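Q:
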Amino acid sequence: ERAPMDEVISHPHGMVLMVGPTGSGKTTTLYSILQKLNTTERKIITLEDPVEYALDGMSQIPVYTREGDSFAAKLRAVLRLDPDVVMVGEIRDVDTARTALQASITGHLVLSTFHAGSAAEAFTRIIDMIGKNPILVSAIKLIISQRLVRRLDDATKQEYEPDENLKNHIKDVLKDLPEGVEK
């Protein structure tokens, strides 16, 4: 169900974290959320290493971590531009975590990915990273733990025809994916 997520992202501040293993579609899901939020009334800025898809209507800033850039430094600079929504490609270090948390309680909606095996593990890892901090409770609005469903090989596939309700639900979920993402 997308309704709880839509409710959370309708608020002007807070943090939404996507967690899961590498290659689980975290960034693709964040792009879908950004597309949902993308209106002429909102200033959206992304910080990415690298920028994976070009999205219209928002500023996408590459972060060259291999060349010494940091998400935290770029985030501090971007916050001076007073964005409504900021996507931080990944929270990798203490400085980025603290800066993102601070931004999320000072009037910005912050979306990011974080490497953790589950939502509960994400909380534990953030606490391990920045220490116990009362800001966490008010800042983090939603943690989504995501996994991709494995594809079966031809020998184990079984034909299945979903009913119309399920087909319509799937179409509704996929409609907000950015152009260029296979649907």
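Just so it is clear: in the sequence shown, position 60 is 40 by the numbering used here, and no numbers are missing.
Quick reminder that beta carbons are idealized off the backbone N, C-alpha and C, glycines included.
None of the values given here were measured: they were computed from a predicted structure.
1. Straight-line CA distance for Y252 to Q138?
2. Three-state secondary structure (DSSP) at M109?
3. Take the Cβ of E144 as the centre, count every other Cβ of all protein chains shown within 10 Å, and call the residue buried at 16 or more, exposed below.
4. If you draw a straight line from the C-alpha of Y81 to the C-alpha of T26, how long is it?
5. Would you identify the three-state DSSP class for L132, choosing helix, strand or coil?
6. Which residues mark the beginning and the end of the beta strand (DSSP E) in which M(-5) is found?
7. In terms of residues, what are the limits of the alpha helix (DSSP H) holding Q40?
8. Throw me the rounded Cβ distance for the M109 and S92 pair, which I believe falls under 8 Å.
A: Judging by the given coordinates:
1. Limits of the chain in this structure are -19 at one end and 163 at the other, which puts residue 252 out of reach.
2. What you label residue 109 is simply residue 129 of the sequence shown in a count that begins at 1. If DSSP states are grouped into helix, strand and coil, M109 belongs with the helices.
3. Numbered from 1 along the sequence shown, position 164 holds the residue referred to as residue 144. E144 is exposed by the Cβ-count criterion.
4. Position 101 of the sequence shown holds residue 81. Position 46 of the sequence shown holds residue 26. The identity of residue 81 in the sequence shown is Leu, whereas the question assumes Tyr. Near 16 Å, if we compare the C-alpha coordinates of T26 and L81.
5. Looking up residue 132 in the sequence shown gives position 152. Residue state, collapsed to three classes: coil.
6. On the sequence shown, position 15 is the one that residue -5 refers to. G(-6) to V(-1) is the span of the beta strand (DSSP E), which, as asked, contains M(-5).
7. By one-based count along the sequence shown, residue 40 stands at place 60. Element bounds for Q40: not the alpha helix (DSSP H) but the beta strand (DSSP E), S39 to P42.
8. On the sequence shown, position 129 is the one that residue 109 refers to. On the sequence shown, position 112 is the one that residue 92 refers to. No, M109 and S92 are not in contact; Cβ-Cβ is about 13 Å, not under 8 Å.
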